[in-house]
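If you read the sequences in order, they're chains E and B.
Per my numbering, residue 1 is the first one in the first sequence, and the count goes up by one each step.
Per my numbering, residue 101 is the first one in the second sequence, and the count goes up by one each step.
Here a beta-carbon is modelled for each residue, glycine too, at the ideal position from N, C-alpha and C.
In this text, all values refer to a predicted model and were calculated from it rather than measured experimentally.
Protein chains: 2
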Amino acid sequence: MILEIAQIDVKPGMEADFEKGVAAAAPLFKRAKGCTSLSLQRSHEKPQRYRLFVGWATLENHTVDFRESADFQEWRRLVGSFFASPPEVEHVRETMKAF
Amino acid sequence: MILEIAQIDVKPGMEADFEKGVAAAAPLFKRAKGCTSLSLQRSHEKPQRYRLFVGWATLENHTVDFRESADFQEWRRLVGSFFASPPEVEHVRETMKAF
């Protein structure tokens, strides 16, 4: 299990459109191989900054299976025009869940 | 509900000590007012980088109640010496949970 954290800064005034685009794209992730969860987080300190949290069974389910799929192109078509800059993507693994 | 994301870069070779320190500090968070969850995430791309995910009922439960408590000093005593640089802290709110 791995969590993709995509930090996405959205163009000013495009926040609602971006959120709608993510909602519209949810089925793409739902059917993606190995995708286990999808949520959107919005920064308190920088309201134009979002983080997409995407759970994947394996790293390659994201970096290979999804990124090389037609659905990735569709994802970018739905939301890419709202990006203020290229997303910063990192993957993390949970090493401790205290409670 | 708000999620604190604390990005922590650890000094080289201190990863295991840092992880032990976080585990030892878990009770401090468990008893903190409004603290609802604690987990530690480790970066795949930068293995010296961790993210502490801490759920809080309100922003102030973190920024006021916890940071001004003696337990915050104890938290820093347990892990602060392993930090390579000051943590970068941001708070996010979930705007969408698709699945």
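Select from the options the residue whose C-alpha is nearest the C-alpha of residue i.
{"i": "Asp-9/E", "options": "Val-89/E, Glu-94/E, Arg-93/E and Thr-95/E", "result": "Val-89/E"}
{"i": "Gly-121/B", "options": "Leu-140/B, His-144/B, Pro-186/B and Glu-194/B", "result": "Leu-140/B"}
{"i": "Ala-57/E", "options": "Ser-85/E, Ala-16/E, Ala-6/E and Val-92/E", "result": "Val-92/E"}
{"i": "Ala-24/E", "options": "Asp-71/E, Glu-94/E and Ser-85/E", "result": "Asp-71/E"}
Between residue i and residue j, how many whole angstroms is the CB-CB distance? I'm expecting something under 8 Å.
{"i": "Leu-138/B", "j": "Ala-98/E", "result": "4 Å"}
{"i": "Met-96/E", "j": "Glu-119/B", "result": "7 Å"}
{"i": "Gln-48/E", "j": "Glu-4/E", "result": "Going by Cβ atoms, the distance from Gln-48/E to Glu-4/E rounds to 20 Å, so no, they are not a contact pair."}
Residue i: buried (16+ other C-beta within 10 angstroms of its C-beta) or exposed?
{"i": "Glu-45/E", "result": "exposed"}
{"i": "Glu-168/B", "result": "exposed"}
Might you give, ordered along the chain, the residues of its own chain that have their beta carbon closer than 7 Å to the beta carbon of residue i, omitting 5 neighbours on each side?
{"i": "Pro-170/E", "result": "Here chain E covers residues 1 to 99 and nothing more, so residue 170/E does not appear."}
{"i": "Lys-11/E", "result": "Phe-82 and Ala-84"}
Quick one: what's got a C-beta closer than 8 Å to residue i's C-beta in the same chain, skipping five residues either side?
{"i": "Asp-165/B", "result": "Ala-132, Lys-133 and Gly-134"}
{"i": "Glu-36/E", "result": "The residue you asked about is not Glu; residue 36/E is Thr in the sequence shown. Closer than 8 Å at the Cβ level, and outside the excluded window around Thr-36/E, lie Met-1, Gly-55, Trp-56 and Ala-57."}
{"i": "Leu-159/B", "result": "Ile-102 and His-191"}
{"i": "Glu-194/B", "result": "Met-101 and Leu-103"}
{"i": "Asp-17/E", "result": "Phe-82"}
{"i": "Gly-113/B", "result": "none"}
Between residue i and the rest of its own chain, which residues show a CB-CB distance below 6 Å, the 5 nearest in sequence each way excluded?
{"i": "Arg-142/B", "result": "Tyr-150"}
{"i": "Asn-161/B", "result": "Lys-133 and Gly-134"}
{"i": "Ser-85/E", "result": "Asp-9"}
{"i": "Thr-163/B", "result": "none"}
Count Cβ pairs between the stretch 128 to 145 of chain B and the stretch 73 to 81 of chain E that sit closer than 8 Å; are there 3 or more? No, because fewer than three Cβ pairs between the stretch 128 to 145 of chain B and the stretch 73 to 81 of chain E fall closer than 8 Å, the two stretches do not touch.
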